[in-house]
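J.: Can you read through this structure? Questions will come right after.
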Amino acid sequence: MAVWQKLAALLLITNGCAVLSQSDPACVTPTRKNGFCVSIERCRNIYIAENDPSSSNPVRVYIKKAVCLLSDEDSGVCCQPGEILPHPNSSLTIGHEPSPDVKLNWSMLLQTDFCAPVNLDLTEHIARGKVTRPFDYPWMVLLRYQTDDEFIDGCGGSLINNRYVLTAAHCVKTQGTLRL
């Protein structure tokens with residue numbers, strides 16, 4: 001009976017390995033960490049480095065060492081689990097569907113006595129290539145960054161209420177301290 005239990009356990013293990021190998025094969029990265037062999041497009045850090053013309057020679061060597069075999073014909077890269085993106089044809093849902101009865105709360109926007117009147121006809125706000133003066137478009141914002149002894153014009157944005165400016169994420173991404 002013990003032989004049958006061992007055989008059943010071995011069968012379960014091999015079937016489990018077959019299921020794993022049908023998705024992404026396990027591998028070891030050049031830094032000797034466990035990973036999975038995936039297409040380069042699915043490995044975030046390697047894909048970014050591969051497409052960056054300024055990547056250093058050690059990075060290029062790492063990428064070459066990370067190459068692995070996905071199938072008989074296709075090669076991939078050995079990627080750490082935290083860097084793997086989902087398959088392009090898989091669906092990923094984060095959060096929940098918004099409620100259909102969500103309404104815009106106009107009271108959260110700038111009051112018209114502090115700003116130009118709210119006008120949904122956006123054609124009136126286009127400068128048409130002409131020089132504008134300060135306060136012609138009071139909802140527009142110029143983000144200036146202060147370094148040691150100078151100001152740098154960095155990005156633009158829009159006032160969305162009396163406290164917040166909507167701008168692009170890259171406008172405030174920094175590794176150091178930044179004063180706006």
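Numbered by my numbering, the letters in the sequence shown go through residues 1 to 180 in order. Just so you know, even glycine gets a beta-carbon here, dropped at the ideal spot from N, CA and C. Just so we're clear, the structure is a prediction, and the values are computed from it rather than from any experiment.
(1) Tell me where the alpha helix (DSSP H) around S55 begins and ends.
(2) Using the three-state DSSP reduction, which class does Y164 fall into: helix, strand or coil?
(3) Here's the rule: buried if 16 or more other CB atoms are within 10 angstroms of the residue's CB, otherwise exposed. What is A66?
(4) Count the other CB atoms within 10 Å of the CB of Y47; is the residue buried (16 or more) or exposed (fewer)?
(5) Check for me: the beta strand (DSSP E) holding S75 runs from which residue to which?
(6) Measure the C-alpha to C-alpha separation of C17 and S71 and round it to an integer number of angstroms.
(7) Looking only at its own chain, which residues have a Cβ that is under 7 Å from the Cβ of A168, when we skip the five neighbours before and after it?
(8) Could you spell out where the alpha helix (DSSP H) holding S158 opens and where it closes?
(9) Could you check the C-alpha separation between R44 and C171 for me, to the nearest Å?
T.: On the basis of the data shown:
(1) Judged by DSSP secondary structure, S55 falls outside any alpha helix (DSSP H); it is assigned neither H nor E.
(2) In this structure, DSSP gives Y164 a state outside helix and strand, which the three-state scheme calls coil.
(3) That one is buried.
(4) Result: buried.
(5) Annotation: the continuous beta strand (DSSP E) that includes S75 extends over 75-79.
(6) Residue placement at C17 is poorly supported in this model, since its pLDDT is 35, which falls under 50; the coordinates still yield a value, given next. Rounded to whole angstroms, C17 to S71 spans 16 Å at the Cα level.
(7) For A168, the CB contacts under 7 Å within the same chain, skipping 5 residues up- and downstream, are C155 in chain order.
(8) Where S158 is concerned, there is no enclosing alpha helix (DSSP H), although the beta strand (DSSP E) it sits in stretches over 151-159.
(9) Between R44 and C171, the C-alpha separation is close to 22 Å.
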